[in-house]
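**Q** Counting from 1, position 264 in the sequence shown corresponds to residue 263 in numbering that gives the first Met the number 0; the numbering is continuous, with no gaps. Note that CB positions come from ideal geometry on N, CA and C, so glycine has one too.
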Amino acid sequence: MLFGRKQKNPIKIADVGVTKWEYTTCGYCSTGCSIEVGLDRQGRAVASRGVADADVNRGKLCIKGIFEHELFKSSGRGTTPLMRDSRLQAFRETNWDSALDKTGAEIKRIQSRYGRDAFAIISTGQIMTEEFYTLGKLARGVIGTNNYDGNTTLCMASSVSGYKRSFGSDGPPGCYEDFEHTECLLAIGSNLPEQHPIIYWRLKMALEKRKFPVIVVDPRVTMFAQMADVHLAITPGTDLVLLNSLAHVILKEDLADRAYIDAHTNGFDEFAALVEQYDPVSASRVCGIDADTIRHVARLYAKAGAAMTIWTMGINQSTHGSDGVVAINNLNLITGNIGKPGGTALSITGQSNAMGTREWSSCSGLPGYRYLESEADRKEVAAFWGIDAEFFPKQRGMFMTDILPAIETGQIKGLWLVATNPMTSMPNTPRIRKTLEKLEFLVVQDAYRDVETNEYAHVYLPAAVWAEKEGVFTNTERRVNLVRNVIRPPADAKPDFWIFSQLAKRFAGERKLPHFPETPEGAFEEMKQLSKGRMLDYSGMSYAKIEQQRGMQWPCTEGADSGTPRLYSDGKFQHADGKARLIPLPFIDNNERPDTDYPFWLNSGRVVEHFHTRTRTGKIGNLNKFSPTPYMEMNPDAARALGIAHGSYARLASRRGDAVVMVQLTQRVPRDMAFIPFHFHECVNRLTLGLLDPHSRQPAFKHCAVKIEPAPDQAAAARINAAARAY
Ligand SMILES: Nc1nc2c(c(=O)[nH]1)N[C@H]1C(S)=C(S)[C@@H](COP(=O)(O)OP(=O)(O)OC[C@H]3O[C@@H](n4cnc5c(=O)[nH]c(N)nc54)[C@H](O)[C@@H]3O)O[C@H]1N2
Ligand SMILES: Nc1nc2c(c(=O)[nH]1)N[C@H]1C(S)=C(S)[C@@H](COP(=O)(O)OP(=O)(O)OC[C@H]3O[C@@H](n4cnc5c(=O)[nH]c(N)nc54)[C@H](O)[C@@H]3O)O[C@H]1N2
Ligand code: SF4
Ligand SMILES: [Mo]
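Next comes the structure, spelled out in structure tokens:
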């Protein structure tokens, strides 16, 4: 018996006529998968496949990567610059010269009338590193505004801040290979199988070879929680209490690595005094994890030969996001788990090039992890760019989450948005709408003309996307990957790299301009020179070597054959004294919490099929087929009490606004919580509060309070739900 084989046709992979495969790197998440795009005889992109000999993904791709070639023919792309005098007019098509002249003139007008910082720039984590470096040169060295930041403030700012506080510098110290060595994995506020499917697959491969405990901390029973050995369904926003308590048990039971603490850290006594207060019994009352489980996890972690923690937005998007990251670093420092195989504190980054902007964009400082606050750094970069060091501000300006409110107060009059869509991704979008309406001049530079923010723009600049251009991305494990140019951008869309250097020309005559290289590779050579001898050393890399090795991890010193998998392996940190800091972190409960008027926690995040505000994935057939509709996860017991049925529409209200959404009943969320993917326009971010972390200014997207009721008019609600998914 051939199990039905005789009756069935064998599975055939459709021949789409690929004549050539082109190497590049996936442009969605920060995993950094090597991908090949198949071109047919006419040069059309018709297929994508994983690259077998790439260390990151070893031939695999997730669903977004598999359909990535479809991006090139997706609808809604910008094909020519657009302009209008006021938001109330329709856009008219124009050419690049007029659009860039207008943008340059408006920047100059606003700056001369209201001051240099009255024009702000907000960028992204999704353009190439060479583009970030060039934008930084333009923002810091030509336009000269200090109000320049990126959407990474919505995403990675807490990790950056936490790494700087603990280790003296940003930079995730570990790598994916650590899964092969670790004896205990603690994953906090990360839904790896959906958000970083290929990192998750690497973890599964490691587990198949060798069993080690996996502990997942998440208030939801995510896919990750379902495969864990221990799931800690934590009370939202209280991870810091759990982490302090784990440290308490480790010190109390003498499980800490005293030799490591003495040799490589300072601040132990103050730290020990603080965690003394976080005994498991008291901690359990706040974080909702019982005392015995806290003790059990602390012992598992401290007794493992090597233990590692990974985390993502469940930690970062909180009012104590930065403290949460420092607390993770503390846990790893006291157990000697930094810089050793399987022992690390690895922030899983988000966007394809979230790391590139941290390293090179000059958003929070100057390129190559340099600081505006340092005179030596200002002088070095000014000399390299051939400009006057006095042109630089002496401390960093506003974060993204402060720039938008500064528009409301009139401090900022003009804004340039590069590859970010705050009308859908910022908290409290009804307020963002009013904010954008107040601008005297808004320029939107995006690959898609139908991006929601464009409704408010005076000038729209159509950008090339992903492999329509060339450059590098840095992934979660500090691996610099090459995006090769595979295909031409549509019509008159241009690479961001080109747009930045053309806009710079509009300032010629105003002041001495730095040199803008003609090609991304030229900018890469500048970055190599600026990085030589620093922790963030690129000087041993070249495009050819990166492609050949399928990515190289920094630091990679001049002449080196390959990169470096881990930071701090020698126990030397970037603080002036070479030591890491143990920092005491008192927990202050300052979230908006559920109460009698607004009795539910509102949690938000992502699904595997969609990327962010869906400007890309919302137009790709197969991704929409699997995840077509905005929905809310709600607990069936809570729904029954409110008379809400599965598949019906509910209305949610917070102190900011309201939204209607379809209900999916599932025990995945506890009784007092609703979870909504944030991909859909006019949905969850109409409700969110986004209180800011004091160190990182990152919004607490994951925590606010709402009430829920059946939508009074189901037919109207269905229409609103359909509009939120329309493209
Ligand atoms: N498919 C897909 N993949 C993506 C993206 C995408 O849009 N789509 N975006 C990329 C980007 S930019 C990012 S930043 C990452 C995000 O990746 P993740 O952070 O893994 O994804 P999220 O779904 O935002 O949130 C993760 C989990 O945090 C939990 N959480 C909420 N509150 C708390 C809390 O108080 N404590 C703890 N411990 N957990 C909590 C939520 O329940 C959720 O399950 O994904 C990247 N990958
Ligand atoms: N409620 C809630 N809100 C959240 C989150 C959450 O978990 N919950 N997560 C937050 C996080 S972690 C993040 S990272 C943000 C993301 O928020 P956004 O950055 O606003 O979201 P995207 O949809 O990725 O926007 C990127 C834009 O860049 C465009 N683009 C893509 N590639 C290119 C390119 O090469 N050049 C140019 N010029 N444009 C390009 C895309 O078309 C898109 O319009 O959302 C945040 N908002
Ligand atoms: S895991 Fe991330 S990088 Fe890899 S194919 Fe999927 S979206 Fe792309
Ligand atoms: Mo993100």
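Hey, could you find the ends of the alpha helix (DSSP H) E207 is sitting in?
**A** P196 to K208
**Q** Is any non-hydrogen atom of ligand 4 found closer than 7 Å to the C-beta of G31, if you look at the structure I gave you?
**A** no
**Q** By the three-class DSSP mapping on this structure, what secondary structure does C183 have?
**A** strand
**Q** So V254 and R298 are supposed to be a Cβ contact under 8 Å. How far apart are they, rounded?
**A** Val is not the amino acid found at residue 254; the sequence shown has Leu there. That belief holds up - the Cβ atoms of L254 and R298 are roughly 7 Å apart, short of 8 Å.
**Q** Which partner residues of R478 appear in the DSSP bridge assignment?
**A** Q552
**Q** Which value, in whole angstroms, describes the spacing of the CA atoms of V668 and P635?
**A** 9 Å
**Q** Is it true that the CB of H702 sits closer than 8 Å to the CB of S317?
**A** The answer is yes: Cβ separation under 8 Å.
**Q** Taking only the alpha-carbon atoms, compute the straight-line gap between F674 and M633 and give it to the nearest angstrom.
**A** 7 Å
**Q** What's the C-alpha gap between M0 and I65?
**A** Per-residue confidence for M0 stands at a pLDDT of 48, beneath the threshold of 50, marking its modelled position as unreliable; no derived number is given.
**Q** Three-state secondary structure (DSSP) at M631?
**A** strand
**Q** Tell me, please, whether the segment 396-412 touches the segment 170-184 by the rule of three or more beta-carbon pairs shorter than 8 Å.
**A** Under the 8 Å Cβ criterion, the segment 396-412 does not count as touching the segment 170-184, having fewer than three qualifying pairs.
**Q** Would you say V213 and D238 are within 8 Å of each other, going by their C-beta atoms?
**A** no
**Q** In the DSSP assignment, find the unbroken beta strand (DSSP E) run with H230 in it and report its ends.
**A** V229 to L231
**Q** Specify the secondary structure class of M127 as computed by DSSP and reduced to three states.
**A** Three-state result, M127: coil.
**Q** Output the residues surrounding ligand 4, defined as those with a CB atom closer than 7 Å to any ligand heavy atom, in chain order.
**A** This criterion selects G124, L153, C154, M155, M312, G349, Q350 and A353.
**Q** Nearest-angstrom Cα distance between D576 and A262?
**A** 12 Å
**Q** Can you tell me whether M422 is helix, strand or coil according to DSSP?
**A** helix
**Q** My guess is that I293 and A282 are in contact by the Cβ rule of under 8 Å, so how many angstroms apart are they, rounded?
**A** With 8 Å as the limit, I293 and A282 qualify as a contact, their Cβ atoms being about 6 Å apart.
**Q** Return the Cβ separation of I327 and T308 in integer angstroms, given the expectation that the two are a contact with Cβ distance under 8 Å.
**A** 5 Å
**Q** According to DSSP, simplified to helix, strand and coil, what is D261?
**A** Of the three classes helix, strand and coil, the one that applies to D261 here is helix, per DSSP.
**Q** Does the beta-carbon of H645 have 16 or more other beta-carbons within 10 angstroms, so that it is buried, or is it exposed?
**A** Note on H645: under 16 other CB atoms within 10 angstroms of its CB, so exposed under the neighbour-count rule.
**Q** Regarding I675 and ligand 3, is the C-beta to nearest heavy atom distance less than 7 Å?
**A** no
**Q** Relative to the C-alpha of S160, which residue among I34, D169 and C154 is closest?
**A** Closest by alpha carbon: D169.
**Q** Can you find the residues in the same chain that come closer than 7 Å, C-beta to C-beta, to D536, ignoring five residues on each side of it along the sequence?
**A** S530, W553, P554, C555 and T556
**Q** Could you check if T18 is buried or exposed, using at least 16 other CB atoms within 10 Å of its CB as the buried criterion?
**A** exposed
**Q** Per DSSP, what kind of secondary structure is E92 in: helix, strand or coil?
**A** strand
**Q** Would you call T78 buried or exposed, if buried means 16 or more other Cβ atoms sit within 10 Å of its Cβ?
**A** Around the C-beta of T78, fewer than 16 other C-beta atoms lie within 10 Å, and the residue is accordingly described as exposed.
**Q** Using a 10 Å radius around the Cβ and a threshold of 16 neighbouring Cβ atoms, would you call N590 buried or exposed?
**A** buried
**Q** By DSSP, does M0 sit in helix, in strand, or in coil?
**A** With a pLDDT of only 48 at M0, under the threshold of 50, the placement of this residue in the model should not be trusted, and no figure is reported.
**Q** Where does L191 sit, in a helix, a strand or coil, going by DSSP?
**A** DSSP places L191 in helix when its eight states are reduced to three.
**Q** Using the DSSP secondary-structure output, state which residues sit across from I411 in a beta bridge.
**A** DSSP lists no bridge partner for I411.
**Q** Taking contact to mean 3 or more Cβ pairs, one atom from each stretch, closer than 8 Å, check whether the segment 135-145 and the segment 428-436 are in contact.
**A** no
**Q** Locate the alpha helix (DSSP H) running through I142, then write down its first and last residues.
**A** No alpha helix (DSSP H) contains I142, which DSSP labels as neither H nor E.
**Q** Please identify the residue among K251, Y300 and G266 whose C-alpha is closest to the C-alpha of Q276.
**A** K251
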